[in-house]
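Just below is one structure, and these are the notes that go with it.
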Amino acid sequence: MLISTLPELPGRTFQVLGLVTAHATLGAIGGGNPQKMIQQIIEQAQRFGADAIVDVKTVIGGDSAHCMMTGTAVKLS
């Protein structure tokens, strides 16, 4: 599975299939794992039939270090 933070893939075209998301608490108490979040968005993208995720973004904030990851599942042409 190709994963990119870029909204476009230079030299490649694709069909947008849908949005993928993951959420975790990364603070010491929550012990969230960013690798698990990546695995979650990959699994969601695979259910769409995607072979790539583009425009991946991660936001961390709040007292408990809540983390949200989003991306766009795509089928490469």
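Taking our numbering, I'd label the letters of the sequence shown as residues -11 to 65.
Backbone N, C-alpha and C fix where the C-beta goes; we use that ideal spot for every residue, glycine too.
Check: Give me whichever residues DSSP pairs with M77 in a beta bridge.; Outcome: Outside the displayed range of the chain (-11 to 65) lies residue 77, so it cannot be described from this structure.
Check: Out of S52, D51, A40, state which residue places its alpha-carbon closest to the alpha-carbon of G59.; Outcome: A40
Check: Which residues in the same chain as T9 place their Cβ atom closer than 6 angstroms to its Cβ, once the five residues preceding and following it in sequence are excluded?; Outcome: T58
Check: Where do the ends of the alpha helix (DSSP H) carrying E31 lie?; Outcome: 22 to 36
Check: When DSSP labels each residue in this structure, what does G(-1) get in the three-state scheme?; Outcome: coil
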